[in-house]
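Asker:
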Amino acid sequence: MFSKKKTECRVCGYRFTPERENIYTAEEPRSMADMLTKAPTRFSAVDCPVCGCQIALAIRAPRIDFPAIVERHDADAEETEGGEDED
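Numbering (numbering that gives the first Met the number 0), first residue to last: 0 to 86.
1) Span of the beta strand (DSSP E) holding A38?
2) Please say whether A57 and S43 have beta carbons closer to each other than 8 Å?
3) Taking three-plus beta-carbon pairs below 8 Å as touching, is the segment 40 to 55 in contact with the segment 16 to 26?
4) Buried or exposed, going by whether 16 or more other CB atoms sit within 10 Å of the CB of C47?
5) Using the rule of at least 16 other Cβ atoms within 10 Å of the residue's Cβ for burial, across every protein chain shown, is C8 buried or exposed?
6) Have a look at the DSSP bridge pairing and note the partners of V45.
7) Go through its chain and collect everything with a Cβ distance to A55's Cβ below 7 Å, but skip five positions before and after it.
8) Please go through the same chain and pick out, in chain order, the residues whose beta-carbon is closer than 6 Å to the beta-carbon of I68, but skip the five residues on each side of it.
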C-alpha cells in the first residue's frame, strides 16, 4: 500500500525513516551580494539521529504569484472592422 522512504546519512551510513515532527525548513547561507540580488534557497531537512548532521530532503521552490489577467486593447482589430469608407 503506502511505504515510507528511508533516508541514509552520508556521514555515518545510518538508514532511518524521517518522521514528520523532525522535518524542518533550512536556508542555504549566502554572501551579502547574493542577499541583495537572489532569492534564498530553502530546503526541507532532517537531522541524523546518530551523528546529528543535517540531511537535505527536498529543495523548496519559491511561490510564484501570477498577476491578474489584463485585457489588451487591440487597435488593429478595430481598424479593420470599421475603418473602411463606403462611397
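Where is the CB? At the ideal position from N, CA and C, for every residue including glycine.
Just so you know, these numbers come straight off a predicted model, no measurement behind them.
Answerer: Judging by the given coordinates:
1) Where A38 is concerned, there is no enclosing beta strand (DSSP E), given that its DSSP letter is neither H nor E.
2) yes
3) yes
4) buried
5) buried
6) I54
7) F42 and A44
8) none
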